[in-house]
Amino acid sequence: MSEEQKLSGPDLSQGVAEIADGAMLFGHVGEEPVLLARRGDEIFAIGALCSHYQGPLAEGILVEDTVRCPWHHACFSLRTGEALRAPALERIACWRVERRDGRLFVSEKRESPRPSPIPAGPGVPQSIVILGAGGAGNAAAEMLRRQGFAGRLTLVGADQSVPCDRPNLSKDFLAGTAPEDWVPLRPREFYEDHAIDLRLGTRALGIDPTGRSVTLADGSRLSYDALLLATGAEPVRLNVPGADRPHVHYLRSLADSRAIIAAAERAKRAVVIGASFIGLEVAASLRARSLEVHVVGPETRPLERVMGPQIGDLIRTIHEDHGVVFHLGESVAEVGAEAVRLASGKSLPGELVVIGIGVRPAIALAEQAGLAIDRGISVNEYLETSAPGIFAAGDIARWPDPLTKDRIRVEHWVVAERQGQVAALNMLGRRQVYGAVPFFWSQHYDLSIRYSGHAEKWDRTETEGDVNARDCQVAYYRDGRKLAVATIRRDRANLEAEAAFEAVIAAGS
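In our numbering, the protein residues as written are 280 to 788.
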């Protein structure tokens, strides 16, 4: 977005006419883009760009006293600018607004409130350990400090890099359209400044729920009053001859993405095994780097199980239009030094192989500790496990979803971050029910898909618009209940769907 676009609209410091209840007006004050919004008789002025990826909040929606970003559904308080929901972690600025002679004038910027330290006392933990420095773990650590938690806080991560923006690893960074300094969620200094003991390249070997301690691989022990398990998921390994060759890669960490980029600079041809979201996003990124790309998968349509046949066909068409060659209904028999041999006997040449055939929740620590397991770690509505004082969030957590009425486990970045935030509140004794509607986005070249809700299975779909024209909304139903909505080029409609699902949850139906 250019500076000219950012500063379009009226100069709000010079005054504008009253706006209607529920309306938003995009303008600027000096050199800063500002959004004016009205709820009832109150007028608010806040930063106009989302602090996540600079999405245009004026194209989002107002829900009560919040504004929501149309791109990735971050949510901000109109009153304080606080980032209430991930993926945004940083607040946006607020300005004072005055009414004079029937007009609205935006004046000076308001000072951001500072959290008051939580005093020590019964039920307040003095030491919190978080195992896993991905989206959930990082969001939890940040929320704890934002809420005024002043006790000892340790964030343990198995990767060597600081917590990073994982969706970027298969999208813009891998494609070469985003620099590496976009990838870290925070610089290392952030954790030092906020007294977060960040231990990278470190694995936990065991948990003692009775003694409330964690044993690390170096033999040291960490005591805790509250513990968050946010260990995420691990890629499913391909079990065929040659799958461990050096030119075979998986993508989960920043180091993985760097390794694929380095390999892509030397290769001309790539084989992507798995037509999953991660596999197809990798395919698109490698095509952006001008590699010949072949995609192998057992399904007849890519992503049909999640998105249905119409969107599945569209995604295939888009990738084929960009030069990707699909080999669907196929499986891999062997990975050779310069080619992948399929079970059908076909051979696909490739100096680079990337495998994306799914992930498994990393629950070994929970199993060893005797926590309740159900294809993930079982948690209650507060994200607490079967052991008092131990919580779980992100890819590993299976929780009671108030929308579907099922116990579900979801491997989405935004879900992980939001669960980390709610788990942080509940470690502080807030008893906040986790009821956020699952949301994810997927990017394929210039096409972005937004998806709100969770339809693991459905028996009916309803489509508005034209899927082939890449302008549509698809709703997924089971037993007459709408469970999810996918949209293409209808970002506001996806926000409205999310808000409608929240209303269903609030009504208890």
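Ideal placement from N, C-alpha and C gives every residue a C-beta, glycine not left out.
**Candidates Leu-517, Pro-525, Leu-506 and Val-435, of which the one nearest Thr-481 by Cα** = Val-435
**Asked** Could you give the distance in angstroms between the alpha-carbon of His-547 and the alpha-carbon of Phe-355?
**Response** The identity of residue 547 in the sequence shown is Lys, whereas the question assumes His. Taking the straight line joining both Cα atoms gives about 45 Å.
**Residue range of the unbroken beta strand (DSSP E) whose run includes Trp-692** = Premise fails: Trp-692 lies in the alpha helix (DSSP H), 692-706, not in any beta strand (DSSP E).
**Nearest-angstrom Cα separation, counted from Gly-400 out to Asn-773** = 43 Å
**Message:** Tell me the rounded alpha-carbon separation between Leu-507 and Leu-410.
**Reply:** 6 Å
**Request:** Leaving aside the five residues before and after Asp-797 along the sequence, list all residues of the same chain whose C-beta is less than 6 Å from its C-beta, in chain order.
**Result:** The structure shown has nothing for residue 797, since the chain only spans 280 to 788.
**Prompt:** Taking one C-beta from the region 587-599 and one from the region 742-749 each time, how about it: are there three or more such pairs within less than 8 Å?
**Reply:** yes
**Prompt:** Buried or exposed: which applies to Lys-736, given that a residue is buried once 16 or more other Cβ atoms fall within 10 Å of its Cβ?
**Reply:** exposed
**Same chain only: Cβ atoms within 6 Å of Ser-721, ignoring 5 sequence neighbours per side** = Phe-556 and Ile-728
**Prompt:** Can you tell me the Cα-Cα spacing of Gly-576 and Leu-448, whole angstroms?
**Reply:** 21 Å
**Item:** Glu-617, DSSP secondary structure in three states
**Value:** coil
**Prompt:** Between Arg-686, Gly-558 and His-526, which lies nearest to Ala-616 when the distance is taken from Cα to Cα?
**Reply:** His-526
**Asked** Looking at the unbroken beta strand (DSSP E) that takes in Tyr-470, where does it start and where does it end?
**Response** Segment 467-472 is the alpha helix (DSSP H) holding Tyr-470; no beta strand (DSSP E) there.
**Request:** Given a cut-off of 8 Å, decide if Arg-364 and Gly-414 are closer than it, judged by their beta-carbon atoms.
**Result:** no
**Item:** Residue environment, Gly-326, which counts as buried when at least 16 other CB atoms sit within 10 Å
**Value:** buried
**Prompt:** From which residue to which residue does the alpha helix (DSSP H) around Gly-558 run?
**Reply:** 556-567
**Thr-510 burial status per 10 Å Cβ neighbour count (16 or more: buried)** = buried
**Item:** Cβ distance (whole Å) where Val-633 is taken to contact Ile-539 below 8 Å
**Value:** 6 Å
**Asked** DSSP on Leu-533, reduced to helix/strand/coil?
**Response** helix
**Item:** Limits of the unbroken alpha helix (DSSP H) element including Pro-446
**Value:** 445-449
**Prompt:** My guess is that Leu-464 and Leu-368 are in contact by the Cβ rule of under 8 Å, so how many angstroms apart are they, rounded?
**Reply:** 7 Å
**Prompt:** Is the beta carbon of Gln-426 sitting closer than 8 Å to the one on Leu-707?
**Reply:** yes
**Request:** From the DSSP output, in three-state form, read off Arg-225 for me.
**Result:** Outside the shown range of the chain, which is 280 to 788, sits residue 225, and nothing can be said about it.
**Prompt:** Below 8 Å between beta carbons: does that hold for Ser-731 and Val-753?
**Reply:** no
**Item:** Option in Ala-643, Lys-450, Phe-718 and Glu-387 with minimal Cα separation from Ala-567
**Value:** Lys-450
**Request:** State the Cα-Cα distance for the pair Gln-284 and Ala-786, rounded to the nearest angstrom.
**Result:** Any reading at Gln-284 must be qualified, since the residue scores a pLDDT of 48, below 50, and its modelled position is unreliable; no value is offered.
**Request:** Could you check which residue in Pro-488, His-352, Asp-344 and Gln-439 has the C-alpha nearest to that of Ser-502?
**Result:** Pro-488
**Message:** Check whether the region 639-650 and the region 658-677 touch, using three or more Cβ-Cβ pairs below 8 Å as the test.
**Reply:** yes
**Message:** Between Arg-580, Asp-504, Ala-618 and Glu-609, which has its C-alpha nearest Val-550's C-alpha?
**Reply:** Ala-618
**Asked** Starting from Thr-433 and walking both ways along the beta strand (DSSP E), at which residues does that stretch end?
**Response** 431-435
**Cβ contact (3+ pairs, closer than 8 Å) linking the region 312-327 and the region 372-383** = yes
**Message:** For Gln-792, report the span of its alpha helix (DSSP H) as first-last.
**Reply:** For residue 792 there is no data in the structure shown, the boundaries of the chain being 280 and 788.
**Prompt:** Are there 16 or more other CB atoms within 10 angstroms of the CB of Arg-317, so buried, or fewer, so exposed?
**Reply:** buried
**Item:** Of the listed residues Asp-320, Thr-664 and Val-712, nearest to Ala-299 (C-alpha basis)
**Value:** Asp-320
**Prompt:** Once you ignore the five residues that flank Ser-440 on each side, which residues in its own chain have a CB closer than 6 Å to its CB?
**Reply:** Leu-533
**Request:** Tell me whether Arg-639 sits in a helix, a strand or coil according to DSSP, three-state version.
**Result:** strand
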